[in-house]
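Those letters in the sequence shown? Residues 19 to 171, by my numbering.
Glycine included, each C-beta is placed from N, C-alpha and C at the ideal position.
As the structure is a prediction and not an experimental result, all values here were calculated from the model.
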Amino acid sequence: MKTAVVVAMAIITVMPSMAQQREKPRVYIEAAQTVDASNSKDKAKQVDFGTALAAALVKKEVPVTVVTDKSKANWTIQSVSSQREDSTGTKVAKIALLGVFAGSFTEFNGTVQVIDNESSAIVYAYNVKKSNFQSAAEAFASHFKGEYLNKRK
């Protein structure tokens with residue numbers, strides 16, 4: 019009898035968290051290639067900003083569920099991004115004149131839109147400029163969580 023009560027209590031305890039998880043908006047992240055805006059060829063093709071966005075949403079504990087099937091998503095996240103790395107000459111000049119180190123040789127720009135799949139309305143948009151794509155993705159996730167999701171509760 020005690021075992022049945024413990025099992026029933028465990029099920030009741032787990033059920034609200036499962037219901038809460040179902041209530042989270044489901045987002046689908048469209049893959050988009052990062053454009054190389056520097057003089058060097060094909061460096062930015064290694065950057066997958068969509069994957070970085072998904073990782074940032076998880077890392078920053080944004081209350082959404084990332085799905086891989088667009089038909090099951092409430093929202094779609096679209097992004098456009100570019101990355102530019104300074105030329106060797108510019109790097110040398112920055113070090114010589116400004117004492118700037120390697121972290122400031124790359125500039126990453128990204129624009130992200132969150133689109134409601136039912137109405138096709140843009141529910142949130144964010145533009146970011148950082149030194150790398152991971153920082154840009156995390157900035158989007160933090161702002162999306164704080165400026166949009168936390169305010170709509």
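Where residue i sits in the DSSP three-state scheme
i    : result
S160 : helix
N127 : strand
V82  : coil
S97  : strand
K148 : strand
E103 : strand
A143 : strand
Whole-number beta carbon distance between residue j and residue i, since they are thought to touch under 8 angstroms
i    : j    : result
G128 : A154 : 5 angstroms
K163 : A157 : With 8 angstroms as the limit, K163 and A157 do not qualify as a contact, their Cβ atoms being about 11 angstroms apart.
Cβ-Cβ distance between residue i and residue j below 8 angstroms
i    : j   : result
V82  : L71 : no
V146 : W93 : no
T124 : Q96 : no
Top-ranked residue by Cα proximity to residue i, from the options
i    : options             : result
V130 : F151, R170, T124    : F151
R44  : K78, T69, T86, F158 : T86
A50  : S137, S160, F67     : F67
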